[in-house]
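Just so you know, the sequence shown maps onto residues 52 to 557 in the numbering used here.
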Amino acid sequence: MTARDGGDREELRNFARGGLVTLAGSVVSAAAGFLMTVVVARLLGPAEAGVFFIATALFMILSEVTELGADTGLVRSAARLRALGRTADLRRVTVAALAPVLAVSAVAAAVLYACAPRLAALFADPAHLDEATLFLRIAAPFLAVSAARMVVLSGMRGLGDLTAYTAVNVALPAARPLLAVAAAGLGLGSGAVMLAWSAPVALTFAAAAVLLWRMVRRAGGGDGTGGGRDPRAVREFWLFSGARGLAATLEILIVWLDVLIVGALVSDHDAGIYATASRFITTGTLVLAATRIAVAPQIAALLARKEHGEAERLNSMATGWVMIASWPLYLALACFGPFVLTLFGDGFAGGAAALAILAVAMLAVMAAGNVQTVLLMGGKSSWALANKAAALAVNVVLNLLLVPRLGIVGAALAWAAAELVDTLAAAIQVRRGLGLRLGARGLVLPALAALLWFGGGGVVARLLAEPTAPAFAAYLVAACTGYGLVLWRGRAALHLDLLVETVRRR
Numbered sequence: 052m053t054a055r056d057g058g059d060r061e062e063l064r065n066f067a068r069g070g071l072v073t074l075a076g077s078v079v080s081a082a083a084g085f086l087m088t089v090v091v092a093r094l095l096g097p098a099e100a101g102v103f104f105i106a107t108a109l110f111m112i113l114s115e116v117t118e119l120g121a122d123t124g125l126v127r128s129a130a131r132l133r134a135l136g137r138t139a140d141l142r143r144v145t146v147a148a149l150a151p152v153l154a155v156s157a158v159a160a161a162v163l164y165a166c167a168p169r170l171a172a173l174f175a176d177p178a179h180l181d182e183a184t185l186f187l188r189i190a191a192p193f194l195a196v197s198a199a200r201m202v203v204l205s206g207m208r209g210l211g212d213l214t215a216y217t218a219v220n221v222a223l224p225a226a227r228p229l230l231a232v233a234a235a236g237l238g239l240g241s242g243a244v245m246l247a248w249s250a251p252v253a254l255t256f257a258a259a260a261v262l263l264w265r266m267v268r269r270a271g272g273g274d275g276t277g278g279g280r281d282p283r284a285v286r287e288f289w290l291f292s293g294a295r296g297l298a299a300t301l302e303i304l305i306v307w308l309d310v311l312i313v314g315a316l317v318s319d320h321d322a323g324i325y326a327t328a329s330r331f332i333t334t335g336t337l338v339l340a341a342t343r344i345a346v347a348p349q350i351a352a353l354l355a356r357k358e359h360g361e362a363e364r365l366n367s368m369a370t371g372w373v374m375i376a377s378w379p380l381y382l383a384l385a386c387f388g389p390f391v392l393t394l395f396g397d398g399f400a401g402g403a404a405a406l407a408i409l410a411v412a413m414l415a416v417m418a419a420g421n422v423q424t425v426l427l428m429g430g431k432s433s434w435a436l437a438n439k440a441a442a443l444a445v446n447v448v449l450n451l452l453l454v455p456r457l458g459i460v461g462a463a464l465a466w467a468a469a470e471l472v473d474t475l476a477a478a479i480q481v482r483r484g485l486g487l488r489l490g491a492r493g494l495v496l497p498a499l500a501a502l503l504w505f506g507g508g509g510v511v512a513r514l515l516a517e518p519t520a521p522a523f524a525a526y527l528v529a530a531c532t533g534y535g536l537v538l539w540r541g542r543a544a545l546h547l548d549l550l551v552e553t554v555r556r557r
């Protein structure tokens with residue numbers, strides 16, 4: 052083995068180690084988020100849960116807007132500054148990232164509190180205006196630090212401490228269902244459920260801020276060491292982050308806008324069903340999130356050093372792992388949606404068709420892997436902005452055309468079309484614009500195996516039996532067994548041997 056091969060292998064090992072940590076955190080976060088959805092759905096019912104999700108959708112949109120793109124900008128800048136030996140600029144860039152975000156967030160929080168009744172009237176049914184206003188006013192103060200929390204966590208990612216990042220990041224979703232159940236047990240009402248969702252934002256921000264500041268000082272960002280200061284560092288940061296901020300705003304609108312439109316044009320009841328069904332889709336992205344968290348700083352550093360071959364290999368391996376883990380889940384959701392939605396209560400089974408549409412669209416999104424991250428770490432935030440603008444336009448037009456006629460099925464079709472536009476554009480830009488190959492040949496084996504065992508097996512299972520718990524369990528056992536055997540035989544080509552080796556070492 053050559054020295055270069057050894058270096059490549061070490062990059063893959065580093066990614067595997069970081070990926071395992073963030074994957075564990077993502078699994079816990081996804082499970083906690085799913086549990087919170089179950090708690091909300093069962094405590095509040097479809098209509099009031101719809102109001103709750105409308106309020107959280109507005110909160111998440113405003114939080115993303117007030118991040119100003121500084122979260123992604125700090126991941127990229129911290130990784131690049133370390134890779135290029137410019138750690139003296141870390142402290143200045145970190146402060147420059149946080150100060151505007153905190154100022155804008157404080158203003159947004161005050162506006163949200165003051166305008167809560169008007170916003171509630173736009174998206175909620177008249178019968179639930181009081182609940183919607185209460186939810187928004189309870190969440191509003193925490194908006195002041197929500198965006199800064201994400202920026203601080205992104206700085207921790209960029210500096211490479213994925214263990215601390217994961218610990219703090221997991222604390223937020225893990226605390227929410229516990230606090231919500233406690234509030235319900237004490238008979239505190241629906242407002243306490245919203246407080247249980249909101250309060251952990253402030254607590255985890257405080258913990259993350261302390262940890263990041265210590266990391267910056269350790270890296271040489273607070274004592275004048277680490278090379279000469281570059282006066283252009285802050286300007287470079289905001290040139291990148293400004294475009295990313297606009298793109299992130301459009302991205303969060305794509306994720307949550309359909310819930311708001313369903314609430315405004317159909318009913319809170321349907322919005323609750325659709326939001327609940329779509330939470331399955333975001334839960335399924337946990338592996339993508341884990342690999343993105345781990346791979347982004349490495350990709351940024353490799354591209355900064357012009358090591359494109361290593362970046363290609365790293366991204367290809369990450370994409371393969373994303374597909375291996377996510378395709379079975381989405382195929383299972385598409386086939387057994389009527390059963391899995393009953394976990395939230397009998398009133399949610401009507402979202403099965405929408406869930407199937409969303410799940411099928413996610414197969415294509417997962418097959419593209421981390422193309423969005425690669426594009427951003429390559430410095431092309433303006434390209435990502437154009438992609439998000441096109442996707443949002445598709446989303447809005449199709450929602451307005453389809454939701455009045457098809458309800459939540461129309462919303463699902465609009466969201467799926469927007470995601471496909473965004474993903475395809477990013478994949479083409481990474482391949483043609485950045486000149487990085489996507490490694491599509493390595494995806495054939497896991498794709499065919501998943502389609503055979505989870506797709507074909509699911510169709511057969513539905514033809515032979517009703518979507519009940521015993522039928523679902525038998526289907527999962529058969530599909531997981533066959534799929535696992537295929538992956539084991541192809542483990543070397545899929546780099547699963549490296550993953551097993553890393554697990555054994557840890």
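C-beta: ideal position from N, C-alpha, C; glycine also.
Let me know the secondary structure DSSP gives residue i once reduced to three states.
i, result
"glycine 96", "helix"
"threonine 519", "coil"
"glycine 402", "helix"
"threonine 14", "Given that the chain is displayed from residue 52 to residue 557, the structure contains no residue 14 and the question cannot be resolved."
"glutamate 358", "coil"
"valine 102", "helix"
"lysine 439", "helix"
"glycine 429", "coil"
"aspartate 397", "helix"
"alanine 544", "coil"
"arginine 488", "coil"
"alanine 258", "helix"
"glycine 420", "coil"
"alanine 175", "coil"
"alanine 407", "helix"
"alanine 270", "coil"
Residues in the same chain with beta-carbon distance under 8 Å from residue i, minus the five sequence neighbours each way, listed in chain order, please.
i, result
"tyrosine 526", "Ala383, Cys386, Phe387, Gly508, Gly509 and Ala512"
"arginine 93", "Phe395 and Gly396"
"alanine 478", "Ala419, Val422 and Leu489"
"methionine 413", "Ile332, Gly335, Thr336, Ser377, Tyr381 and Glu470"
Quick one, which of the options has its alpha-carbon nearest residue i's?
i, options, result
"aspartate 309", "Ile459, Ala167 and Leu187", "Ile459"
"valine 425", "Glu363, Arg169 and Arg542", "Glu363"
"leucine 485", "Gln423, Ala463 and Arg93", "Gln423"
"leucine 262", "Pro228, Trp248 and Asn220", "Asn220"
"alanine 501", "Asp319, Tyr381, Ala437 and Pro97", "Tyr381"
"valine 267", "Asp181, Asp212, Val447 and Asn438", "Asp212"
"tryptophan 264", "Ala326, Leu141, Pro521 and Gly430", "Leu141"
"lysine 357", "Arg131, Val102, Phe110 and Val116", "Arg131"
"glutamate 115", "Ala270, Gly293 and Leu254", "Gly293"
"leucine 443", "Thr214, Ala298, Gly506 and Thr370", "Ala298"
Just mark residue i as buried or exposed, buried being the case when its beta carbon has 16 or more other beta carbons within 10 Å.
i, result
"valine 146", "exposed"
"arginine 343", "buried"
"glycine 535", "exposed"
"glycine 360", "exposed"
"glycine 236", "exposed"
"threonine 519", "exposed"
"glycine 275", "Per-residue confidence for glycine 275 stands at a pLDDT of 49, beneath the threshold of 50, marking its modelled position as unreliable; the derived number appears in the next sentence. So glycine 275 counts as exposed."
"proline 558", "No information on residue 558 is available, as it lies outside the stretch 52 to 557 that the chain covers here."
"arginine 295", "buried"
"valine 454", "buried"
"lysine 431", "buried"
"glutamate 118", "buried"
"tryptophan 539", "exposed"
By Cβ distance below 6 Å, which residues in the same chain neighbour residue i in space, the five residues on each side in sequence not counted?
i, result
"isoleucine 112", "Ile303 and Trp307"
"leucine 230", "Ala247"
"arginine 188", "Tyr164 and Ala167"
"alanine 195", "Ser156, Ala157 and Ala160"
In the DSSP assignment, find the alpha helix (DSSP H) that holds residue i and state where it starts and stops.
i, result
"alanine 150", "141–165"
"leucine 495", "According to the sequence displayed, residue 495 carries valine and not leucine. Start and end: 495–501."
"alanine 218", "213–236"
"phenylalanine 288", "284–316"
"aspartate 561", "Given a span of 52 to 557 for the chain in the structure shown, any question on residue 561 remains unanswerable."
"threonine 123", "121–134"
"threonine 138", "No alpha helix (DSSP H) holds threonine 138; DSSP gives it neither H nor E."
"tryptophan 504", "That residue, tryptophan 504, is in no alpha helix (DSSP H); it is neither H nor E in DSSP."
"valine 472", "459–479"
Looking only at its chain, what residues have a beta carbon closer than 7 Å to the beta carbon of residue i, apart from the 5 residues adjacent to it on each side?
i, result
"glycine 329", "Per the sequence shown, residue 329 should be read as serine rather than glycine. The residues are Leu409."
"proline 228", "Ala83, Leu86, Met87 and Val90"
"methionine 428", "Arg127, Ala347, Ile350, Ala351 and Leu354"
"valine 285", "Arg143, Val144 and Ala147"
"proline 97", "His320, Gly323, Ile324, Gly398 and Phe399"
"alanine 415", "Leu471 and Thr474"
Does any CB atom of chain C fall closer than 8 Å to the CB of residue i?
i, result
"threonine 184", "This model lacks chain C altogether; it includes just one protein chain."
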